[in-house]
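Here is the structure we will look at, set down as structure tokens.
Okay, structure coming up:
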């Protein structure tokens, strides 16, 4: 009834609370320092992670993991951007002294593996290749995470992962903090809001669907979270 009322009377789509990243949640989370476009030596001894989504361009989030004395943590975004080449991504990982990075393994699997090897050979970020695979239920591993140390891949349940990222943004106070000027990044707000949590066509499980809209920065945020979690689990062993 609410959906019909919003559509026919108000002329806008109705969205249940928690079904997407809303403008209100974005406003609550954009309370960090302005975007740092330079990086530098100040990050060398900090816990910096990154998430990279591969598409027509390479979208990237770079964040600092801050762990409090009581065991709680915050993911504070330092930089949001997009690059045209993997070489530029490598330079960004070096410039911000990223410890752990997670990159979409498709469609440029070979290029992602080359980035992984280049970072390893030069003693830079520990790069993990991410792939999605749904799990039947929530298990002992957070959002279905399965690590393969042999080839540096991590398998994830997409729905559970995006749920976890939304929980961080909805937390009070927010666990996920974005720069105060993040909304000035072209396409960032729309891509963060694009995926919606809906029932699949069979009505058997919830999924996140972006429809025909771009959601690269939302996926960057999810890969960034995985990188931070891997770092907390000690998966940045290569550079420690």
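In the working numbering, the protein residues as written are 10 to 249.
Every residue, glycine too, gets a C-beta built ideally from N, C-alpha and C.
Please read all numbers here as calculations on a predicted model, not as lab measurements.
| Check | Outcome |
| --- | --- |
| In angstroms with no decimal places, state the Cα-to-Cα distance between residue 61 and residue 213. | 31 Å |
| Does residue 40 pass the burial test, meaning 16 or more other C-beta atoms within 10 Å, or should it be called exposed? | exposed |
| Please specify which runs of the alpha helix (DSSP H), each continuous and at least 4 residues long, are wholly inside the region 165-247, giving them in chain order. | 167-179, 197-202 and 225-241 |
| Among all the DSSP beta bridges, which residues are the ones paired with residue 131? | DSSP output for residue 131 lists no bridge partner at all. |
| What whole-angstrom Cβ distance do residue 182 and residue 43 have, given they're in contact under 8 Å? | The pair is not a contact, with the Cβ atoms about 19 Å apart (cut-off 8 Å). |
| Between residue 140 and residue 238, is the Cβ-Cβ spacing less than 8 Å? | no |
| Give me, in chain order, the residues of the same chain whose beta-carbon lies closer than 6 Å to that of residue 68; leave out the 5 immediate sequence neighbours on both sides. | 62, 91, 225, 226 and 229 |
| Three or more C-beta pairs closer than 8 Å, one from the region 202-220 and one from the region 50-61: is that the case here? | no |
| Under 6 Å Cβ to Cβ from residue 206, same chain only, skipping five residues before and after it: list those, please. | 28, 215 and 217 |
| Can you list the beta strand (DSSP E) stretches of 3 or more residues lying completely in the region 63-95, in chain order? | 67-76 and 82-92 |
| So the beta strand (DSSP E) residue 112 belongs to, where does it begin and stop? | 109-113 |
| Find out if the Cβ-Cβ distance for the pair residue 87, residue 72 is shorter than 8 Å. | yes |
| Just to check my reading of the structure: residue 96 and residue 57 have Cβ atoms closer than 8 Å, yes? What is that Cβ distance to the nearest angstrom? | At roughly 20 Å, the Cβ-Cβ gap does not stay under 8 Å, so residue 96 and residue 57 are not in contact. |
| Can the beta-carbon of residue 175 be found less than 8 Å from the beta-carbon of residue 133? | no |
| Report the three-state DSSP secondary structure of residue 40 (helix, strand or coil). | strand |
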